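Shown next, in structure tokens, is the structure this report addresses.
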Amino acid sequence: MDNLSLILSFIFGTVIGSFLNVVSLRFNTGTGIGGRSKCMSCGTTLTWKELIPIFSFTVQKGACKKCRSKISWQYPLVEFMAGALFVLVFMTFPPTSLLSGLTTFIYIVASCLLVVISAYDIKHKIIPDQFVYTFILLSLINLCVGGVSWLHVPSIPALIAGPLLALPFAFLWWVSKGRWMGLGDAKLLLGIGWFLGLSWGVNALILAFWIAAAVSVVWMLATYKRFKSRTEIPFGPYLILGMYLVLIFRIQVIDMQLVKELLVAYL
Ligand SMILES: [Zn+2]
């Protein structure tokens, strides 16, 4: 894709990202999605100049124009993430035919859902069913469409990949009564498994564990005295990060084909 299209998809992504902020912040608050955006502190209705993604936050130095109260970092961060994901999706899965166009569309919608899930999980340590079920449904449609040949073709093993990745986590959730792992992570893995297939799915999972462990260690050192061992770490965003690392960079930390051959040879 040419540079202009990529710049336009970034801008389009940030605009959608600004809507995703509204969705994740108003979900379960009873406010509804409609209605003009207001300052969370003074309640002033915001003008269009204060609603330009990333730009407004930067120009206003992260504070409300009227009451100068701080605006959450979530706004520009989610807008930027959505913009970056739109660019990456259009670069990795460009719409060149009807089938690949459908694939691009599925990945764009999935990215929107995953941005909302990440933002919500970081803030509330929970993954709302409505979003994750929609993601699962989308992953199943994507599996049937089979638009990405290097990932998988619609087949029985590809269909088994989702439950196979999700079940160990559902089991951990059940054994620990939800203390080690939320059931939301298992649901998320069902969708990721169907999106990536077993081999790439396992790679995404390993990457998620490594990054989560590295971040936790840094976090523990940084907050040494205040750190409580019971601090809950939302795992959803790491799983999602692992999925994108595999999808976009095809990072392979473990060669599943080799594992399979070794198992066949020694068993
Ligand atoms: Zn204000």
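Numbering (my numbering), first residue to last: 42 to 308.
Every residue, glycine too, gets a C-beta built ideally from N, C-alpha and C.
Bear in mind that the values here come from a model prediction, so they are computed numbers and not experimental data.
Original post:
How is Lys164 classed by DSSP in three states: helix, strand or coil?
Top reply: Numbered from its first residue, the sequence shown carries residue 164 at position 123. Helix.
Original post:
Are the segment 199-212 and the segment 237-246 touching by the rule of at least three beta carbon pairs closer than 8 Å?
Top reply: yes
Subject >> Distance cut-off 6 Å: Ser113 Cβ against heavy atoms of ligand 1 >> reply: Residue 113 sits at position 72 when you count from the first residue of the sequence shown. For ligand 1, not one heavy atom lies less than 6 Å from the Cβ of Ser113.
Subject >> Beta bridge counterpart(s) of Lys79 as assigned by DSSP >> reply: Start at 1 with the first residue of the sequence shown, and residue 79 comes out as number 38. In DSSP, Lys79 forms a bridge with Thr86.
Subject >> Cβ shell of Ser46 (< 8 Å), same chain only, five flanking positions each side left out >> reply: In the sequence shown, residue 46 corresponds to position 5, counting from 1. Within the same chain, Ser46 has close Cβ partners Phe131.
Original post:
Quick one: any contact between the segment 118-137 and the segment 67-82, if contact means 3 or more CB pairs under 8 Å?
Top reply: no
Subject >> C-alpha distance - Arg220 paired with Leu213, whole-angstrom precision >> reply: Residue numbering aside, residue 220 sits at position 179 when the sequence shown is read from its first letter. Residue numbering aside, residue 213 sits at position 172 when the sequence shown is read from its first letter. Taking the straight line from one Cα to the other gives about 9 Å.
Original post:
What does the shell around ligand 1 hold, if a residue joins when its beta-carbon is under 7 Å from any heavy atom?
Top reply: Cys80, Ser82, Cys83, Thr85, Cys105, Lys107, Cys108, Ser110
Subject >> Met122 to Gly84 span [Cα, whole Å] >> reply: Stepping through the sequence shown from its first residue, residue 122 is reached at position 81. Stepping through the sequence shown from its first residue, residue 84 is reached at position 43. Those two C-alpha atoms are separated by around 27 Å.
Original post:
What are the uninterrupted segments assigned as alpha helix (DSSP H) that are 4 or more residues long and contained completely in the segment 202-288, given in chain order?
Top reply: 224-263
Original post:
Ala104 bridges to which residues according to DSSP?
Top reply: Along the sequence shown, one-based indexing puts residue 104 at 63. Lys111, per the DSSP bridge assignment.
Original post:
Which class does Phe68 belong to by DSSP, given the choice of helix, strand or coil?
Top reply: If you number the sequence shown from 1, residue 68 lands on position 27. In this structure, Phe68 counts as coil in the three-state DSSP scheme.
**OP:** Reducing DSSP to helix, strand and coil, say where Thr137 ends up.
**Re:** Stepping through the sequence shown from its first residue, residue 137 is reached at position 96. Reduced to three states, the DSSP call for Thr137 is coil.
**OP:** Give every residue of the same chain whose Cβ lies closer than 8 Å to the Cβ of Ser152, excluding the five residues on either side of it in the sequence, and list them in chain order.
**Re:** Taking the first residue of the sequence shown as 1, we reach residue 152 at position 111. So the list reads Ala123, Leu126, Phe127, Val130, once near-sequence residues are dropped.
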